[in-house]
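**Student:** Read in the numbering used here, the sequence shown has 571 at position 393, and its numbers run on one by one without any break.
All C-beta atoms, glycine included, are put in the ideal place defined by N, C-alpha and C.
Because the structure is a prediction, the values reported are computed rather than measured.
Below is one structure. I have some questions about it.
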Amino acid sequence: MSANPLAPEWLVLPADANGLAPEVWPRSARRDEDGVLAVGGASAIALAEEFGTPLMVLDEAEVRRRADEAFAAFTGAAQRHGTTARVYYAGKAFLCTEVVRWVADAGLAVDVCTRGELEIALAAGIDPGRIGFHGNNKSVSELERAVAVGVGSIVLDSRIELERLAAITERLGVVQPVFVRVNSGVHAETHSFLATAHEDQKFGLTLEDAGPAVARIRELDGLEFRGLHCHIGSQIFGVSGFRESASRVLELHAALLADGPVPVLNLGGGFGIAYTSADVPTPIAELAEGIVAAVAEECAVRGIPMPQLAFEPGRSIVGTGGVTIYEVGTIKDVVVDAAADGETPRPAVRRYVSVDGGMSDNARPALYGAQYSARIASRDSHEPAELVRVVGKHCESGDIVVDNEYLPADITPGDLLAVPVTGAYCAVLSSNYNAVPRPPVVAVQDGHARVIVRGERLEDLLARDPGIDLGAQRERHTTERSATADRGEA
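In structure tokens form, the structure reads like this:
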């Protein structure tokens, strides 16, 4: 069978449309003797029967393993180059109390950027000194709470925030360690480097403006300058972007040493992972060694001591551990004219497979054009592969879950469909669009499953509308069910 001309060049026609590419599935993912997908030893069918669909599944062992690997990679690389490293888990990828405990067990600190994320981390029992607080618009109340509980560091994003925090520490009579976020001018997810530090974005200060901000911090008794922070983007493959950014930031770092210590350099996160079998991310150990070596080289060139380092992986820890399970609802074939450059258009079929979730549980394809993979989870099939586009149930043409994938031709309503690599930025970006309740998140390990984020019921959603009398609705539904039973339709 030949590839569908509508398929992108990177999508390879698989020899087996049941196969689980190891780069995009948790290590525990496998099919049982009946062809049913299991993750963490838990059957997709059993999970769907117990918790319903859509369902976000998180493989605990996979997340813990990746947290261990990140900690070992960065601390080990730092030690080999004569310094130390702190590794923060970037909570924005996915945060709940269980995940905080998993990463804390691995030795990681936690990075938060709102009051809500801060409270989740605190509720998990982590030492506040292991929390870093980010954000470009932290409110007075958020800063007051962070200072009051004793967070380890606050990353200052503007001069207004600097003065705002200074007033709080003066009033409370405490000293708060701070970092200054700077824009290095490197925007690595585009795989190109800007020629100027004047990057057009909302985060941080330019390299020129950061120096005066640090001087102001050093004047204040309530703020302790700990170092510079820089984050160059997301889903980054390779070391070159980090090397270029470190070179630019270390110029400022070296200049600041003339007037006082600059103990730490935080180079952020953004380490890429595979979403499809076409992606080839850089292994975390290789990234860590390459980045730390680059910092060491840049420090040697400038004749300055190696600072302590900090990093903030998020997606690379939790992303691959996530699998979302959907139920297929409708299927339709659409004939499309397809033609390569210079060729006469010829008809080709795109099969649309609609599932019971969509952009309300995974906004990334709509927001960023993100690519994903999919497999039938409730069985295997020996039918040939057909090109499909997996779409959601929402009233948007951009409601795409998986843009292009090859699945068995006999995919049918009622099949369970699993989409891997949904552990990062799916649950946390979920919404109630079209009044759809958000799904639960279930952790799996050794065949056992437990809810770590409760899903919403329709009743929870309706309760937010003061114009809805839930008591009257429940009474009406009870009456309707009774009438249906009387007609023999129950």
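Under 8 Å: do the region 579 to 589 and the region 613 to 627 share three or more Cβ pairs, one atom per stretch?
**Tutor:** Because the criterion of three Cβ pairs below 8 Å is not met, the region 579 to 589 and the region 613 to 627 do not touch.
**Student:** Return the CA-CA distance between residue 538 and residue 617, expressed in angstroms with no decimal places.
**Tutor:** If you number the sequence shown from 1, residue 538 lands on position 360. If you number the sequence shown from 1, residue 617 lands on position 439. Near 9 Å, if we compare the C-alpha coordinates of residue 617 and residue 538.
**Student:** What is the residue span of the beta strand (DSSP E) that residue 334 lies within?
**Tutor:** Within the sequence shown, residue 334 is the residue found at index 156, counting from 1. That run of the beta strand (DSSP E) goes 331 to 334.
**Student:** Contact between the region 630 to 643 and the region 524 to 543: three or more CB pairs below 8 Å?
**Tutor:** With the cut-off at 8 Å, the region 630 to 643 and the region 524 to 543 do not touch.
**Student:** By alpha-carbon positions, which one of 231, 277, 263, 255 ends up nearest to residue 243?
**Tutor:** Looking up residue 243 in the sequence shown gives position 65. Measuring from the Cα of residue 243, the nearest candidate turns out to be 277.
**Student:** Give the list of continuous alpha helix (DSSP H) stretches no shorter than 4 residues that lie fully inside the region 369 to 418.
**Tutor:** Taking only runs of at least 4 residues, the alpha helix (DSSP H) segments lying wholly in the region 369 to 418 are 385 to 397.
**Student:** Go ahead and label residue 685 buried or exposed: buried means 16 or more other beta carbons lie within 10 angstroms of its beta carbon, across all protein chains shown.
**Tutor:** Beyond the ends of the chain as shown, which are 179 and 668, falls residue 685; an answer cannot be given.
**Student:** Does the distance from the C-beta atom of residue 311 to that of residue 288 stay below 8 Å?
**Tutor:** For the purposes of this step, residue 311 is taken as residue 133 along the sequence shown, with counting starting at 1. For the purposes of this step, residue 288 is taken as residue 110 along the sequence shown, with counting starting at 1. Cβ distance not < 8 Å, so residue 311 and residue 288 don't count as in contact.
**Student:** Look up residue 270 in the DSSP assignment and say whether it is helix, strand or coil.
**Tutor:** Counting from one through the sequence shown, the residue named residue 270 turns up at place 92. Reduced to three states, the DSSP call for residue 270 is helix.
**Student:** Quick check on this structure: which residue in 305, 213, 473 has the alpha carbon closest to the alpha carbon of residue 558?
**Tutor:** Sequence index remark: in the sequence shown, residue 558 carries index 380 (1-based). Residue 558 has its Cα closest to that of 213, out of 305, 213, 473.
**Student:** Could you give the distance in angstroms between the alpha-carbon of residue 488 and the alpha-carbon of residue 639?
**Tutor:** Working through the sequence shown from its first residue, we reach residue 488 at position 310. Working through the sequence shown from its first residue, we reach residue 639 at position 461. Straight-line Cα distance between these residues: approximately 40 Å.
**Student:** So does the region 495 to 512 actually touch the region 592 to 605, counting three or more Cβ pairs closer than 8 Å?
**Tutor:** They touch, by the three-pair rule.
**Student:** Of all the options 508, 356, 221, which has the alpha carbon lying nearest to the alpha carbon of residue 444?
**Tutor:** Taking the first residue of the sequence shown as position 1, residue 444 is located at position 266. The option with the nearest alpha carbon to residue 444 is 356.
**Student:** Throw me the rounded Cβ distance for the residue 592 and residue 505 pair, which I believe falls under 8 Å.
**Tutor:** Stepping through the sequence shown from its first residue, residue 592 is reached at position 414. Stepping through the sequence shown from its first residue, residue 505 is reached at position 327. Going by Cβ atoms, the distance from residue 592 to residue 505 rounds to 7 Å, so yes, they are a contact pair.
**Student:** In angstroms, rounded to a whole number, what distance separates the CA positions of residue 607 and residue 570?
**Tutor:** The sequence position of residue 607 within the sequence shown is 429, counting from 1. The sequence position of residue 570 within the sequence shown is 392, counting from 1. Between residue 607 and residue 570, the C-alpha separation is close to 16 Å.
**Student:** Return the CA-CA distance between residue 562 and residue 210, expressed in angstroms with no decimal places.
**Tutor:** As a position in the sequence shown, residue 562 is number 384, starting the count at 1. As a position in the sequence shown, residue 210 is number 32, starting the count at 1. Each residue's Cα considered, the two are about 21 Å apart.
**Student:** Note down the Cα distance separating residue 476 from residue 440, rounded to an integer number of angstroms.
**Tutor:** In the sequence shown, the residue the question calls residue 476 occupies position 298. In the sequence shown, the residue the question calls residue 440 occupies position 262. Approximately 15 Å between the Cα atoms of the pair.
**Student:** Using C-beta distances below 8 Å, list every residue in its chain close to residue 525, excluding the 5 sequence neighbours before and after it, in chain order.
**Tutor:** Looking up residue 525 in the sequence shown gives position 347. So the list reads 513, 514, 515, 516, once near-sequence residues are dropped.
**Student:** Sorted by chain position, which residues of the same chain lie with C-beta nearer than 8 Å to residue 219's C-beta, five sequence neighbours on each side aside?
**Tutor:** What you label residue 219 is simply residue 41 of the sequence shown in a count that begins at 1. For residue 219, where only same-chain residues beyond five positions count, the Cβ hits under 8 Å are 206, 622, 623, 624, 625, 626.
**Student:** Closest to residue 450 by CA distance: which of 396, 182, 296, 493 is it?
**Tutor:** Along the sequence shown, read from residue 1 onward, the residue named residue 450 stands at position 272. Of the candidates 396, 182, 296, 493, the one whose C-alpha sits nearest the C-alpha of residue 450 is 493.
**Student:** Does the beta-carbon distance from residue 430 to residue 385 come in below 8 Å?
**Tutor:** Taking the first residue of the sequence shown as 1, we reach residue 430 at position 252. Taking the first residue of the sequence shown as 1, we reach residue 385 at position 207. Contact: yes.
**Student:** With DSSP as the reference, please indicate the residues paired to residue 505 in a beta bridge.
**Tutor:** Counting from 1 along the sequence shown, the entry for residue 505 is found at position 327. Per DSSP, 594.
**Student:** Here's a check: name, in chain order, each residue in its chain whose Cβ is nearer than 6 Å to the Cβ of residue 673, leaving out the five neighbours to either side.
**Tutor:** Beyond the ends of the chain as shown, which are 179 and 668, falls residue 673; an answer cannot be given.
**Student:** For residue 340, which of helix, strand or coil comes out of DSSP?
**Tutor:** Walking along the sequence shown from the start, residue 340 turns up at place 162. Residue state, collapsed to three classes: helix.
**Student:** Less than 8 Å separating the beta-carbons of residue 272 and residue 601?
**Tutor:** To locate residue 272, count along the sequence shown from 1; it is residue 94. To locate residue 601, count along the sequence shown from 1; it is residue 423. Going by C-beta atoms, residue 272 is nearer than 8 Å to residue 601.
**Student:** Nearest by alpha-carbon distance to residue 253: which of 567, 465, 564, 576 is it?
**Tutor:** On the sequence shown, position 75 is the one that residue 253 refers to. Looking at the Cα atoms, 465 is the closest of the given residues.
**Student:** Determine the direct distance from the alpha carbon of residue 361 to that of residue 375, and round the result to whole angstroms.
**Tutor:** Residue 375 sits at position 197 when you count from the first residue of the sequence shown. Residue 361 sits at position 183 when you count from the first residue of the sequence shown. Bear in mind that the predicted position of residue 375 carries a pLDDT of just 42, short of 50, making it unreliable; the figure below should be weighed with that in mind. Roughly 6 Å between the two C-alpha positions.
**Student:** Counting only the same chain and skipping the five closest in sequence on each side, list residues whose C-beta sits under 6 Å from that of residue 576.
**Tutor:** Translated into positions along the sequence shown, residue 576 becomes position 398. Here the set comprises 544.
**Student:** What does the Cβ neighbour count give for residue 197, buried or exposed, with the cut at 16 atoms within 10 Å?
**Tutor:** Taking the first residue of the sequence shown as 1, we reach residue 197 at position 19. So residue 197 ends up on the exposed side.
**Student:** Apart from the five residues just before and just after residue 238, which ones in its own chain have a Cβ nearer than 6 Å to its Cβ?
**Tutor:** Counted from its first residue, the sequence shown places residue 238 at position 60. Contacts found: 621, 623.
**Student:** Taking buried to mean at least 16 other C-beta atoms within 10 Å of its own C-beta, is residue 665 buried or exposed?
**Tutor:** In the sequence shown, counting from the first residue as 1, residue 665 sits at position 487. With a pLDDT of 46 at residue 665, under the threshold of 50, the modelled position of this residue cannot be trusted; read the value that follows with caution. Residue 665 should be labelled exposed.
**Student:** Within 10 angstroms of the Cβ of residue 560, are there 16 or more other Cβ atoms? Answer buried if so, exposed if not.
**Tutor:** Stepping through the sequence shown from its first residue, residue 560 is reached at position 382. Exposed, because fewer than 16 other Cβ atoms sit within 10 Å of the Cβ of residue 560.
**Student:** What are the boundary residues of the beta strand (DSSP E) that includes residue 575?
**Tutor:** Translated into positions along the sequence shown, residue 575 becomes position 397. That residue, residue 575, is in no beta strand (DSSP E); it is neither H nor E in DSSP.
**Student:** Please name the residue, chosen from 275, 315, 279, 285, that lies closest to residue 298 on a Cα-to-Cα basis.
**Tutor:** The sequence position of residue 298 within the sequence shown is 120, counting from 1. When only C-alpha atoms are compared, the closest one is 275.
**Student:** In angstroms, rounded to a whole number, what distance separates the CA positions of residue 510 and residue 529?
**Tutor:** Working through the sequence shown from its first residue, we reach residue 510 at position 332. Working through the sequence shown from its first residue, we reach residue 529 at position 351. Using only the alpha carbons, I get a separation of about 6 Å.
**Student:** Kindly list the residues whose CB is nearer than 8 Å to the CB of residue 372, restricted to its own chain and excluding five residues on each side of it in sequence; keep chain order.
**Tutor:** Within the sequence shown, numbered from 1, the residue matching residue 372 stands at position 194. Confidence is the limiting factor: at residue 372 the pLDDT is only 41, short of 50, which leaves the residue's position unreliable, though a coordinate-based value still follows. Result list for residue 372: 363, 364, 365, in chain order.
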